[in-house]
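These protein sequence lines map, in sequence, to chains A and B.
Just so you know, we're using my numbering here: the first sequence kicks off at 18 and counts up by one.
Just so you know, we're using my numbering here: the second sequence kicks off at 30 and counts up by one.
No residue lacks a Cβ here, since even glycine has one placed at the ideal position from N, Cα and C.
Structure first, then comments.
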Amino acid sequence: MVRHSGAGSVKFPYLPATSRIIAVSNPKMTEDRALVCRIIEGDRQAFRLLIRQNERLVAHMVGRLIDRDEDREELCQDVFLRVYEKIGEFNFQSKLSTWIATIAYRHSINHLRKKKIELSDIPEEESFTAHFISEDNPEEALADQEMEAITLKLINLLPAQYKTVLTLYHVDGMNYNEIGEVTGMPEGTVKNYLFRARNLLKEKVKTYLGKEEVL
Amino acid sequence: MNPADEELQRNIEKGHRIDDSLNSRAYQKVFDALKKEPYHLPSHFADRVMRRIDAQGSLSKDYFWFGLGLFTLIAGACVAALLANFKLDFGTFKFVSGYPGLFLFGVTFIALIHYVDKRFLSRMIHNR
Chain A
18 MVRHSGAGSV KFPYLPATSR IIAVSNPKMT EDRALVCRII EGDRQAFRLL IRQNERLVAH
78 MVGRLIDRDE DREELCQDVF LRVYEKIGEF NFQSKLSTWI ATIAYRHSIN HLRKKKIELS
138 DIPEEESFTA HFISEDNPEE ALADQEMEAI TLKLINLLPA QYKTVLTLYH VDGMNYNEIG
198 EVTGMPEGTV KNYLFRARNL LKEKVKTYLG KEEVL
Chain B
30 MNPADEELQR NIEKGHRIDD SLNSRAYQKV FDALKKEPYH LPSHFADRVM RRIDAQGSLS
90 KDYFWFGLGL FTLIAGACVA ALLANFKLDF GTFKFVSGYP GLFLFGVTFI ALIHYVDKRF
150 LSRMIHNR
């Protein structure tokens, strides 16, 4: 049971000393703690607030990995139900948003596995690059769509791991370390995937831009 | 990975000025597209989640009472059968006594249908 000792101060008797030091020095962590404590005490408005604060993060993760629109919202709901069930186990070793993103990532990957959607390993660099770049005819695509729409489609063609890293970095503004926590990848791998994915996309976009110039 | 590409990516990320080469323009397009949000949730999303949490709570209460009722019924039936020295040796019971697994299968099957029905109905109702 968490006790409030006065206005603005919250005690966390069940936490290790290092976590308490982090909480005091980081206002965001302190906010997270207060919010989690309120949820554990049964404050429904606090959980509603948690949803509002993190729904975009979850939507980005699920939306990027899951193609079917019908599945997306239900999956996002499932993520928050899981958060509600497990909130008592959150140990404040990371930011609350990072923990929620981890749940969203695992949930999305499990969904892809259940639907038997192949989660391919990251392919060999040269063969995958060649395959990715020469997939369709740029002239036809350019006639119908804007460059940005094409690029977004290209992002969806990437392996799930690439898409996850790109989304967390560019849309949600996470750093390499936080992305590593969410995905379980070493920081070096995160960095490598990020550079490689952007490079692959650039090579493909170049073929479209090249056609544009010729036309 | 090509060091020039790495450098170019870093420069675009930092917002530095880049040249007008095909490579640079392609990277700029990629970086611009990557900032776009892939999906937006409806405005009443939080309400829907809260409704599902409520539904789960009432569902677990329902299961508690259902389980308690079923247990009481079976226990009562066993006690009554013992007191009355009841034996399954007439009519249909004579047939059933030859297949002890049939009764168990029937009970399990009905419970399974009930569970599936509740689960799907509840989800459909609360997603409306």
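For residue i, count the other beta carbons within 10 Å of its own beta carbon; 16 or more makes it buried, fewer makes it exposed. Which is it?
i, result
"B:I142", "exposed"
"A:E106", "exposed"
"A:I68", "buried"
"B:K43", "exposed"
"A:Y225", "buried"
"A:I56", "buried"
"B:Y92", "exposed"
"B:H45", "exposed"
"A:R50", "buried"
Can you give the Cα-Cα distance for residue i and residue j, rounded to whole angstroms?
i, j, result
"A:N58", "A:L185", "Here residue 58 of chain A is Glu; the residue named in the question, Asn, does not match the sequence. Roughly 31 Å between the two C-alpha positions."
"A:A158", "A:E48", "Because the pLDDT at A:A158 is just 49, under 50, the model does not fix this residue reliably, and the value given afterwards should be weighed accordingly. Their backbone Cα atoms lie some 48 Å apart in a straight line."
"B:F119", "B:A113", "15 Å"
"A:V79", "B:L99", "41 Å"
"A:I120", "A:A166", "29 Å"
"A:C54", "B:P129", "53 Å"
"B:F138", "A:L171", "48 Å"
"A:K219", "B:N52", "7 Å"
"B:M145", "B:G135", "Position check: residue 145 of chain B holds Val in this sequence, whereas Met was assumed. Approximately 16 Å, taken between the alpha carbons."
"A:Y179", "A:R213", "9 Å"
"B:L111", "B:T101", "15 Å"
"A:Q62", "A:L52", "10 Å"
"A:D88", "A:L82", "11 Å"
"A:E198", "A:T115", "7 Å"
"A:M191", "B:S50", "30 Å"
"B:I82", "B:K147", "15 Å"
"A:Y210", "B:K65", "19 Å"
"A:L183", "B:A84", "36 Å"
"B:I47", "B:R39", "11 Å"
"A:L66", "A:H124", "21 Å"
"B:I41", "B:K90", "56 Å"
"A:K223", "A:E163", "14 Å"
"A:A118", "A:N173", "19 Å"
"A:H187", "A:L217", "16 Å"
Would you give the residue range spanned by the alpha helix (DSSP H) that residue i belongs to?
i, result
"B:E35", "32-43"
"B:G98", "74-112"
"A:Q62", "61-82"
"A:Q178", "177-183"
"B:D118", "Neither: B:D118 is in no alpha helix (DSSP H) and is coded neither H nor E."
"A:D95", "86-103"
"B:L51", "51-63"
"A:M164", "164-174"
"B:Y128", "From DSSP, B:Y128 is part of no alpha helix (DSSP H); its letter is neither H nor E."
"A:R123", "113-131"
"A:E195", "193-200"
"B:P67", "No alpha helix (DSSP H) contains B:P67, which DSSP labels as neither H nor E."
"A:R55", "44-57"
Checklist entry - How do the region 68-78 of chain B and the region 82-93 of chain A stand: do at least 3 beta-carbon pairs fall below 8 Å, yes or no? => result Short answer: they touch.
Checklist entry - Are the region 33-42 of chain B and the region 65-75 of chain B touching, with three or more C-beta to C-beta distances below 8 Å? => result No, they do not touch.
Checklist entry - Pairing CB atoms from the region 62-78 of chain A with CB atoms from the region 52-62 of chain B, are three or more of them under 8 Å? => result Judged by Cβ distances under 8 Å, the region 62-78 of chain A makes no contact with the region 52-62 of chain B, as fewer than three pairs qualify.
Item to check | the region 189-207 of chain A contacting the region 100-109 of chain A, beta-carbon criterion three pairs below 8 Å | outcome: No, the region 189-207 of chain A is not in contact with the region 100-109 of chain A.
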